[in-house]
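Asks: Okay, handing you the structure first.
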Amino acid sequence: VTRTALVLASQATSFSPASDGGPGDAARALAMLDAAEDMLAGQPAHRAHAWVHANAAARAALVGDRWSFDAHRDQARRAQQHEPEPTYGLWHSFPPRSVDADWLDDYLCGGLVQLGDPGAQTALNAIVTRTSHEHRIADASKLLMQLHLARGDHDAAAAAGLAALTAARAAGLGRQDLRIRGLRALAPSDEPTYAELDAALRAA
170 VTRTALVLAS
180 QATSFSPASD
190 GGPGDAARAL
200 AMLDAAEDML
210 AGQPAHRAHA
220 WVHANAAARA
230 ALVGDRWSFD
240 AHRDQARRAQ
250 QHEPEPTYGL
260 WHSFPPRSVD
270 ADWLDDYLCG
280 GLVQLGDPGA
290 QTALNAIVTR
300 TSHEHRIADA
310 SKLLMQLHLA
320 RGDHDAAAAA
330 GLAALTAARA
340 AGLGRQDLRI
350 RGLRALAPSD
360 EPTYAELDAA
370 LRAA
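Counting along the sequence shown from 1, when you hit position 152 you're at 321 in my numbering, and nothing is skipped either side.
Following this line, the structure appears as structure tokens:
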């Protein structure tokens, strides 16, 4: 039962507007994650429950449902301290990045940015400050760029974008180039503060 629930949750996370196109994908993913949570409800608790709730919170934010985001976030926090799920015969590398104590923030911060939560910047800065994991730095810095762009703070957005690009390339994350280019396109093309970031993007 647990294995089936986690496979369903994994399939749900593939319906991401970041790669597939729109809020309909997020709504579909949220419904699948809710179904996975229902399946896990009667199973022994382990850290995968937190991962499922965290992904559900992220999708709830994408469809603008603050109530569901808060509910899933709180459930994820409660499940965060459970033992890691058994890897033998279940799922060999799940959840990702859980070597860091604050791994759950990776999944929740995107929702905070999406919902315009005032605590988003503090949470993202904490990730960048505490971790040495290049994947985490790249993702958090990309979200900081998105946040600063929404506020019209181009100096901070350019710095965050360059940090995201540098960390992503160090970690071999080619997908981040496309995301950072997409965010850069939202800013004025002649904004001089983006000169260093633009040069780095051209050097790809």
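Every residue, glycine too, gets a C-beta built ideally from N, C-alpha and C.
All figures in this text were calculated on a predicted structure; none of them were measured in a lab.
Near D324, what residues of its chain come up, given a Cβ to Cβ distance below 6 Å and the 5 sequence neighbours on each side ignored?
Replies: Closer than 6 Å at the Cβ level, and outside the excluded window around D324, lie T362.
Asks: What three-state label does DSSP hand S138 in the structure shown?
Replies: Nothing about residue 138 can be reported from this structure: the residues present for the chain run from 170 to 373 only.
Asks: Return the CA-CA distance between A200 and D286, expressed in angstroms with no decimal places.
Replies: Each residue's alpha carbon lies about 24 Å from the other.
Asks: Using 8 Å as the Cβ pair cut-off and three pairs as the minimum, do the stretch 272-289 and the stretch 324-338 touch?
Replies: Too few Cβ pairs lie closer than 8 Å, so no.
Asks: Under a three-way DSSP split, which group does A187 fall into?
Replies: A caution first: A187 carries a pLDDT of 47, below 50, which makes its placement in the model too unreliable to give a value.
Asks: Quick one, which of R344, I306 and R172 has its alpha-carbon nearest L209's?
Replies: For L209, the nearest C-alpha among the options comes from R172.
Asks: Can you have a look at Q283 and say buried or exposed, based on whether 16 or more other CB atoms are within 10 angstroms of its CB?
Replies: So Q283 ends up on the buried side.
Asks: Any chance the CB of Q345 is under 7 Å from a heavy atom of the ligand NAP?
Replies: As far as ligands go, the structure on display features none, and thus does not contain the ligand NAP.
Asks: Assuming L313 contacts L293 (C-beta within less than 8 Å), just tell me the rounded distance between them.
Replies: At roughly 5 Å, the Cβ-Cβ gap stays under 8 Å, so L313 and L293 are in contact.
Asks: Kindly indicate which residue of L175, A309, G233 and A198 has the alpha-carbon position closest to the one of S183.
Replies: Residue A198 is the option with its Cα nearest to S183.
Asks: Can you give the beta carbon distance from A205 to V221, rounded, assuming they're within the 8 Å contact cut?
Replies: A205 to V221, Cβ: 5 Å. Contact.
Asks: Report the option in A354, R320, Q180 and Y276 whose CA atom is closest to the CA atom of D308.
Replies: Taking only the C-alpha atoms, the option nearest D308 is Y276.
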